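Student: Can you read through this structure? Questions will come right after.
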Amino acid sequence: MDFTPHTPADVAAMLAVVGVDSVDALFAQIPEDVRLDRALDLPPGAAEAEVAGALLRLAARNRTVDELVCFAAGGVSDHYVPALVGGLAGRSEFATSYTPYQPELSQGVLQALFEFQTMIVELTGMEAANASLYDGATALAEAVAMTLTADRRTVLVSGGVDPRLVATLRTYSAGTGARVETWEVPAGHGAPDAIPGGTAAVVLQHPNVYGVLEDVRAAAAAAHEAGARLIQIFDPVSLGVLAPPGDLDADLAVGEGQPFGSQLQFGGPNLGLLACRMADVRKMPGRIVGETVDLDGRTGYVLTLQAREQHIRREKATSNICTNQTLMALAATIHLAWLGPEGLREQGERCAAAAAYAADRLAGVPGVTRRFPDAPIFRDVALVLPRDADEVIDRLVDRGFLAGVAHPQEPTTLIVGLTERRTRAEIDALADATAEVLAGVGIAG
Amino acid sequence: MDFTPHTPADVAAMLAVVGVDSVDALFAQIPEDVRLDRALDLPPGAAEAEVAGALLRLAARNRTVDELVCFAAGGVSDHYVPALVGGLAGRSEFATSYTPYQPELSQGVLQALFEFQTMIVELTGMEAANASLYDGATALAEAVAMTLTADRRTVLVSGGVDPRLVATLRTYSAGTGARVETWEVPAGHGAPDAIPGGTAAVVLQHPNVYGVLEDVRAAAAAAHEAGARLIQIFDPVSLGVLAPPGDLDADLAVGEGQPFGSQLQFGGPNLGLLACRMADVRKMPGRIVGETVDLDGRTGYVLTLQAREQHIRREKATSNICTNQTLMALAATIHLAWLGPEGLREQGERCAAAAAYAADRLAGVPGVTRRFPDAPIFRDVALVLPRDADEVIDRLVDRGFLAGVAHPQEPTTLIVGLTERRTRAEIDALADATAEVLAGVGIAG
Amino acid sequence: MKRGAPVRTQGPADGGTIFEEGAPGRRASSFAPSDLPPALVPESHRRATPPRLPEVAEIDIVRHYTRLSQMNHGVDTGFYPLGSCSMKYNPKVAEVLAQAPGFARIHPAQPDRTVQGTLELMWRLERALCEITGMARATLQPPAGACGELTGLLMMRAYHGDRGDERETVLIPAAAHGTNPASVRSGGYRAVTVPADARGLVDVAALRDALDGRVAGLMLTNPNTLGLFERDIRTITDLVHEAGGLVYYDGANLNAIMGRTRPGDMGFDIVHINTHKTFATPHGGGGPGAGPVGVVEDLVPYLPVPRVERTDDGYRTEDDVPSSIGRMHGFHGNVGILVRAYIYVLLHGADGLARVSDHAVLNANYLAALLRDVFPPVYDERPMHEFVSSARDLKAATGMRATDVAKRVIDLGFHPSTVYFPLVVEEALMVEPTETESRATLERFADALAQAAEEAASDPDLLREAPITTPVRRLDEVRAARELRLSWRPADGAAPA
Amino acid sequence: MKRGAPVRTQGPADGGTIFEEGAPGRRASSFAPSDLPPALVPESHRRATPPRLPEVAEIDIVRHYTRLSQMNHGVDTGFYPLGSCSMKYNPKVAEVLAQAPGFARIHPAQPDRTVQGTLELMWRLERALCEITGMARATLQPPAGACGELTGLLMMRAYHGDRGDERETVLIPAAAHGTNPASVRSGGYRAVTVPADARGLVDVAALRDALDGRVAGLMLTNPNTLGLFERDIRTITDLVHEAGGLVYYDGANLNAIMGRTRPGDMGFDIVHINTHKTFATPHGGGGPGAGPVGVVEDLVPYLPVPRVERTDDGYRTEDDVPSSIGRMHGFHGNVGILVRAYIYVLLHGADGLARVSDHAVLNANYLAALLRDVFPPVYDERPMHEFVSSARDLKAATGMRATDVAKRVIDLGFHPSTVYFPLVVEEALMVEPTETESRATLERFADALAQAAEEAASDPDLLREAPITTPVRRLDEVRAARELRLSWRPADGAAPA
Ligand SMILES: Cc1ncc(COP(=O)(O)O)c(C=O)c1O
Ligand SMILES: Cc1ncc(COP(=O)(O)O)c(C=O)c1O
């Protein structure tokens, strides 16, 4: 099937006005030698009901986090998204619009993005935020690009940064020419020993991939001392409880906004967050909405600083980004309005409480130790297992758990992520199941 | 939790304006002896996430028609509802409104109901339709009430009418004083032998509960001869294929509109349809929307003939109905626009084709016969089984089928309902499974 | 929101009907190819001409109904203080959960063992409603309040009938909702009016006089239709019982009393609940609703079938109860709405429901206080969750009527209150703010009413011409009733197929 | 819809931000009671003051964002002929199915065996996209077209690098979309412009001159940004290949050619697809999208990881490909969008996709014909799915510019076309009607443009003052850029916490 409304009579009448006698004639300028002389090798179109059946059969072959208790995190985590988010962000006036080039017809999206920017500024304690980037990983790459100058092309990245993020940064650096160097964190956290000349940015994740809290202020001081910028990767869920990047002297703050308003969806669409100081705002990538007034003096909103962007500045743009994650930003705005300052704090406290409890319980499993037993954590717990983490994760699936994420560079390190949804009973059950799996007891996996 | 926005400061300020010093004081006029001196014995309020968890656990304890292939019908049947229906009919400007007492603020609902009335008129070939009743069963009771006069209080009901409908009619008749009498249909269809004096209405279902086609025109002629009215219970899904009640000389046409736009939902909310001749329109129950013009001559819509209704006419109203099934009518309107005349016909043809095939296949199962082998049918197949139908239905659940509905007054009669969704393979599988169950083969049930 | 912002107006009204969209031969639907032999419907039974349904593409449908939606006011677009309607915020979570396939995709004729989740939900909801109202058992079957009333009256009838006691009349207050007398008639009784006294409450002496052996019962809501609590309720119910009658509680006003008192505690025998009012189930444009009915122990035998019963191994539907009045609905009632009502009860719990009533009553009292000088209350009693004021004085002073005020209020950004109901109050304004409205909204609404009242004197054309911010202006209802254009016809005026 | 009906205007603009709603201490959220000991976050790490988020109830949120939505134009509210954007009808069924828990509620780090449904979907979508574009393999990872471009350029870089061939520049046409040069830069290359000839097509002679050993490749869309088919495409791709370069296809205009020709058949090596254009995935207000990239066999080693591979016992993700350029996204890309794109492909099939392009091209040609006299096309070549006209003559005659026409068209009930792009065309109007619009809509739009052009002479104030039917009128963009109010501040002007 298709959604074109053309009846045969329409087509005939239209062709007559155009002055050709067939639809084929409209394609006459395609040279013979590049024409496809056969139909596409795809199945014929299907009715909506058939497609619905096929898709629901595929969906049934995924095991969801409603079936498997989810302790997997790493940027994307299983938070409760209140029911009002989907209906509001999904309203079709929002969902079927595009970049608000005609602001008079787009005040809804523009104002919502202005509110989003405000919330990110409030959360991070920074001075300005853009209207979204693709995800947390690309947001890091974009932030790094903002710091590069002709003579500063090195980026120092903490060993506490999620390897997925570092990998993405490395890919993008092939184009930007950034030199990505990492420093080790044997204590599970800490600033670089030395910051070489030519360093553009120091990148710290706080809380880091091990769940551990970093001393961002100290790292920022060291970076600034060396003439470099400090980029903090933050966890937005933490910011009801933890001091915000702005207070910690970060120059740029990036994060993954999925926990606010976005479903897991196998990791996308997500929401890249980027906030900076006013001084850097002209270097920011992405859309930025500004408040202004109309001819009658009424408050209204427009895309602003467009001279940064590809459609105006082309090769000299701050980034190539065009289509972004606006609907996710809208969903995040609604979710954050629902949370409010108290709800955000309460959510953060619950995550932290669950992590503290899980750390105790899981470290009590025979053979399991905490990766950094003495470091303060927020909501992820890094464990060292006596076996490969991926194998244990796989076994625990059969017991109904997504036990966490294996650290890509440390095969026996399991990172267990906690959200406000996880209960004492679930954590206890995970600990028991882990103990059984490690003891080799129970169902074959 | 609750959804009241009151902060303690609000409450205090409001109480001060009211001039009392506590909320309790606002309830002082409730005499001591009727006050509830304890909290309600209900669990404390719960967070949205908790309630969502509890409800999804309940939902998981139902086996849906996606798990069990559905051959159950009887007014409510498993048709494909196109995806656009839910989103449009669910738009919150519609969903959170109520009776359009202020038409200037309610043109959306009013126009949609006007379109609904038009579609029902078009479908039925009658002259007027109201804006919905509760369901098909209560629509029958309302239609019968329209025909009662001081000296005509008997209602003759065919044995081919669904017993659920007759049961509902009987309940309502305790109040209206209608005398409900039925006639037998040994051939599976047919008009009453005689129509006694004092008969207000003759009620025929076409296609009837056995799926069999009736000769409505003949019954209408007989009824009219006797000074009675003919009420036809129609299946709206049939009306792309079968001649409409208006062409068959019915005076009143009632039906169950669930197949258009409404989910099964365990049988409700459904959609009661009622259409009549213009001469009877002032006797119709329910809301009726009429077209008119505004002060500037623009077309607009209002509730009309309100003098029929309870809020104006009170004891003399044509019915007590107030809240009705407007959202279902809206969904039906959208679904019917999606179908269009060709789609409706195609859907009907498919139902009928499936029924013809199922009748052959199932009557081929050893021990199974058709209830009325020679009668032409539309989309339900009545079978006589060698055992209680309810028992066979129960066994077939274990094989993945909802095999149909047992006739309440004929324990061995199984009525198998077909929709456009049922495929040859599914019908074959049902026949095979039925054969196995009757042969006592296979898994224990 | 700033004060006086137009509520909506949205899109133009001149869009035409769906029948004017599209083009012959266009369609949105498609079906999978069929592998079945064609149907054998006899030619004589076939339809001669197709119904004139729209011939449109999906995009036509989506734009059309999106546009219509934008021409509609709902709670989600603004304040909606219709008296007697409890137009409160409808929690979105109830909408989302009720649409889970486990609830939405089950057939009413499924064997009990395949629908245990829904049967348990129904059973638990019945228990909760009984606790909230002080009743013994309840039926969830009636699809709306009016059907609940009829259900109650038919049970009343069966009860008296079982006692060989043929009674003829049912008493109702003059201010009662129209469904009450209409249901009385549908139930085969005659409605007899009990007058109100100067307080706006049932005139107990008159009631006493009206009670005799022909009276089957009394229907009442409490707080009553004027929003006032019937202080003499115990006396009233006792009197009716002494006369051998039953007392019916119209639950439309239950929103005022949850956790404070219960119909059962007041002596009522039968109670209906409007889930679409008190329990916030959406009932767009007029419905659907649900009207469960609770009864005291003596009336349990008469409850409709099917019922849901709990047994040792699960829940089952029970159809075979000879004393029952029978079926009130083709299946089990508006179950999808009941799911939402149950969610509402779970979310709120005992504490939340009590807060609902507390804040509903607080809001009504606050708004009444703000309006006292402009539209004085008709009665001195303290209102509960709603109140009735009058534009009588304004009309006397300016000639502007309640309806003119209402239409002006639309231009000032609000849905007006109910007007001209109850019929017993001249130029009535019946205002039910509900508990989900904020103090700020109430203040803005009060300001708008005050402004309209002021303008009635200073600039009456503003009222007379109102509304002007809506897709259509005042509509000619007389013409609608005279011309009776009840369905769309093409311009050539051809009658339907 | 009648002609000239205001598109929407809807609700007032003066509603204030969400920060101005609510009251201190109000909140919508609630959490289950916790049975865990409180967290032990060190005091030194704790936040000093809470973020200034809104303090609102659910009803505040719902009304606020419902109101904002009504101040927004989308395909569902009307025609949206933005050039280069393929603003077509987004099938609702894709929305509904993509939200099924089986797709929405899976974590990207789940073991492969628990996500076989999604992996199969991704694999099948990859196959379908390769067939449609004539490529060997594809990555689904880029979350938008621009990221797809960068992915392609980084693969180009890796390809040349593997051959020890350091190249510096990438050629692009002057009219190319802004993301092309920006991506070239992000990919570490320098963009060099190839001029167009009088036909509006690539000047082959100039291309020949520009090609040398420093050229890594050429980026092109075909039909090109002017909506014209590059007739010399085979020559062009051959020339680039001869010079050792690769040819990149910007798939934003794929909507014109499905089933007629394929980038692979034309000699392209790398192709991105904008699923949010051609495959109708909703991308409200600016995104999300997805930008899968297909490549010819030679470039397969460089595709990003993770990839999805089919094996004998199911599908698996492959992370370990040393030749790969690496990750372009934190996880697997915008998978939720890919689900919708796959649904679009299944619905349409080979026949439906061909009809999409047929009718897209027919619609553009029809609209261009209707407008020929008013806004003449800039080039003589027959347009494909979009066309570029100019208001240059109108400006010369009346002083009214493209933007004035656009704003007047808003008041006449339409979203205008793209204006002032491509930058190479003076007073450009770039119109892409898409295939889901009906003939009647195109005619009404043409009438509106004609009317605006007429009024430019007869009543220029109508254009100058336009729009007047919208919630705000023309906005002061200069002031926005000067004052840089990028986040809301309370009236007292306090800086954020
Ligand atoms: C006081 C009162 N009683 C009864 C009803 C009837 O309820 P329903 O509309 O649900 O049938 C209503 C509602 O409109 C009402 O307000
Ligand atoms: C021609 C062309 N190329 C590239 C792009 C960039 O795609 P995206 O916006 O998905 O990043 C666009 C879309 O805006 C486009 O129109």
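Residue numbers (this note's numbering), protein chains in the order written: chain W, 3 to 447; chain D, 3 to 447; chain L, 39 to 535; chain H, 39 to 535.
Here a beta-carbon is modelled for each residue, glycine too, at the ideal position from N, C-alpha and C.
Values in this document were obtained by computation on a predicted structure and should not be read as measured data.
Can you confirm whether F116/D, when its beta carbon is compared against all beta carbons of chain H, has any partner nearer than 8 Å?
Tutor: By one-based count along the second sequence, residue 116/D stands at place 114. Chain H contact via Cβ: absent.
Student: Report yes or no: is there a C-beta of chain W within less than 8 Å of the C-beta of R63/D?
Tutor: Here the question's residue 63/D lines up with position 61 in the second sequence. So, not an interface residue.
Student: In the DSSP assignment, what residue or residues form a beta bridge with N110/L?
Tutor: For this step, residue 110/L is matched to residue 72 along the third sequence. Paired residues: S108/D.
Student: DSSP state of C72/D, grouped into three classes?
Tutor: Counting from 1 along the second sequence, the entry for residue 72/D is found at position 70. C72/D falls in the strand class under three-state DSSP.
Student: In chain W, which residues lie less than 7 Å from E96/L when you measure between Cβ atoms?
Tutor: The residue you call residue 96/L lines up with position 58 of the third sequence. Result: F5.
Student: Quick check on T472/H: buried or exposed, where buried means 16 or more other Cβ atoms within 10 Å of its Cβ?
Tutor: As a position in the fourth sequence, residue 472/H is number 434, starting the count at 1. Classification of T472/H: buried, given that the 10 Å Cβ count is 16 or more.
Student: How many Å lie between K126/H and Y100/D at the Cα?
Tutor: Sequence index remark: in the fourth sequence, residue 126/H carries index 88 (1-based). Sequence index remark: in the second sequence, residue 100/D carries index 98 (1-based). Using only the alpha carbons, I get a separation of about 34 Å.
Student: Which residue's Cα is closest to the Cα of I56/H: I429/W, A255/W, L338/W, L86/W?
Tutor: As a working note, residue 56/H is residue 18 in the fourth sequence. Taking only the C-alpha atoms, the option nearest I56/H is L338/W.
Student: Taking Cβ-Cβ distances shorter than 8 Å, what residues in chain H pair up with Q137/L?
Tutor: For the purposes of this step, residue 137/L is taken as residue 99 along the third sequence, with counting starting at 1. Simply none; closest approach about 10 Å.
Student: Strictly by DSSP, which residues pair up with S160/D?
Tutor: For the purposes of this step, residue 160/D is identified with residue 158 of the second sequence, where counting begins at 1. The partner list for S160/D (beta bridge, DSSP) reads W185/D.
Student: Here's a check: name, in chain order, each residue in its chain whose Cβ is nearer than 8 Å to the Cβ of T47/L, leaving out the five neighbours to either side.
Tutor: For the purposes of this step, residue 47/L is taken as residue 9 along the third sequence, with counting starting at 1. Residue placement at T47/L is poorly supported in this model, since its pLDDT is 35, which falls under 50; the coordinates still yield a value, given next. Cβ neighbours of T47/L beyond the five flanking positions: T507, T508, P509.
Student: Where does R93/W land, buried or exposed, given buried means 16+ other C-beta within 10 angstroms?
Tutor: Residue numbering aside, residue 93/W sits at position 91 when the first sequence is read from its first letter. Buried, because 16 or more other Cβ atoms sit within 10 Å of the Cβ of R93/W.
Student: Between which residues of its own chain and A202/D is the CB-CB distance below 8 Å, once the five residues before and five after are set aside?
Tutor: The residue you call residue 202/D lines up with position 200 of the second sequence. Closer than 8 Å at the Cβ level, and outside the excluded window around A202/D, lie V146, T149, L150, T151, R154, R155, T156, V157, A180, A230, R231.
Student: Less than 8 Å between the CB atoms is what I'm expecting for M422/L and F267/L, so what's the real figure, rounded?
Tutor: Taking the first residue of the third sequence as position 1, residue 422/L is located at position 384. Taking the first residue of the third sequence as position 1, residue 267/L is located at position 229. Between F267/L and M422/L the Cβ distance is about 6 Å, and since that is below 8 Å, they are a contact.
Student: Does ligand 1 have even one heavy atom less than 7 Å from the beta-carbon of G342/D?
Tutor: For the purposes of this step, residue 342/D is taken as the residue at position 340 of the second sequence. Answer for G342/D: no, Cβ out of range of ligand 1.
Student: Does the separation of the CB atoms of V386/W and R397/W fall below 8 Å?
Tutor: Residue numbering aside, residue 386/W sits at position 384 when the first sequence is read from its first letter. Residue numbering aside, residue 397/W sits at position 395 when the first sequence is read from its first letter. No.
Student: Quick check: is any heavy atom of ligand 1 less than 7 Å from the C-beta of G374/L?
Tutor: By one-based count along the third sequence, residue 374/L stands at place 336. Incorrect: G374/L has no Cβ contact closer than 7 Å to ligand 1.
Student: Between the C-alpha atoms of M296/L and D43/D, what's the straight-line distance to the nearest angstrom?
Tutor: As a first step, residue 296/L is located in the third sequence; it is residue number 258 there, counting from the start. As a first step, residue 43/D is located in the second sequence; it is residue number 41 there, counting from the start. Cα to Cα, the separation comes out at about 12 Å.
Student: Between the stretch 94-117 of chain D and chain H, which residues of the former have a C-beta closer than 7 Å to a C-beta of the latter?
Tutor: Residues S94.
Student: What does a CB cutoff of less than 7 Å around A392/L pick up in its chain, not counting 5 residues either side in sequence?
Tutor: Position 354 of the third sequence, counted from the start, is the residue given in the question as residue 392/L. The residues are M296, G297.
Student: Taking 8 Å as the CB-CB cut-off, is A213/L touching chain D?
Tutor: Taking the third sequence and counting its residues from 1, the one referred to as residue 213/L is at position 175. No, A213/L lies away from the interface with chain D (no Cβ there is under 8 Å from its Cβ).
Student: Within the present structure, is the beta-carbon of A288/H separated from the nearest heavy atom of ligand 2 by less than 7 Å?
Tutor: Position 250 of the fourth sequence holds residue 288/H. Rather than Ala, the amino acid found at residue 288/H in this sequence is Asp. Checking the Cβ of D288/H against ligand 2 gives yes.
Student: Using a threshold of 7 Å, is the CB atom of T98/W nearer than that to any non-hydrogen atom of ligand 1?
Tutor: Counted from its first residue, the first sequence places residue 98/W at position 96. Checking every heavy atom of ligand 1 against the Cβ of T98/W, none is found closer than 7 Å.
Student: What residues are listed by DSSP as bridge partners for S72/H?
Tutor: As a position in the fourth sequence, residue 72/H is number 34, starting the count at 1. In the DSSP output, where bridge partners are listed per residue, S72/H has none listed.
Student: Measuring straight from C-alpha to C-alpha, what distance separates Y353/H and G155/L?
Tutor: Here residue 353/H refers to the residue found at position 315 of the fourth sequence. Here residue 155/L refers to the residue found at position 117 of the third sequence. Cα-Cα distance, rounded: 35 Å.
Student: Compute the minimum distance between the beta carbon of T115/L and the heavy atoms of ligand 1, and state whether it is under 7 Å.
Tutor: Indexing the third sequence from 1 puts residue 115/L at position 77. For ligand 1, not one heavy atom lies less than 7 Å from the Cβ of T115/L.
Student: Please check if any C-beta of chain H sits within less than 8 Å of the C-beta of A446/W.
Tutor: Translated into positions along the first sequence, residue 446/W becomes position 444. Low confidence applies to A446/W: its pLDDT is 47, below 50, so where it sits in the model is not reliable, and the reading given next is rough at best. No, A446/W does not count as interfacial toward chain H.
Student: What does H367/H pair with, by DSSP beta-bridge criteria?
Tutor: As a first step, residue 367/H must be located in the fourth sequence, where it is residue number 329. In DSSP, H367/H forms no bridge with anything.
Student: Can you pull the DSSP bridge partners for T207/H?
Tutor: Looking up residue 207/H in the fourth sequence gives position 169. Note: T207/H sits in a beta bridge opposite R228/H, V253/H.
Student: Return no unless some Cβ of chain H is closer than 8 Å to the Cβ of K40/L.
Tutor: Here residue 40/L corresponds to residue number 2 of the third sequence, with the count starting at 1. Legend: pLDDT at K40/L = 33, less than 50; position of this residue unreliable, value from coordinates given subsequently. Yes, its Cβ sits closer than 8 Å to a Cβ of chain H.
Student: Where does P10/D land, buried or exposed, given buried means 16+ other C-beta within 10 angstroms?
Tutor: Here residue 10/D is taken as the residue at index 8 of the second sequence, counted from 1. It counts as exposed.
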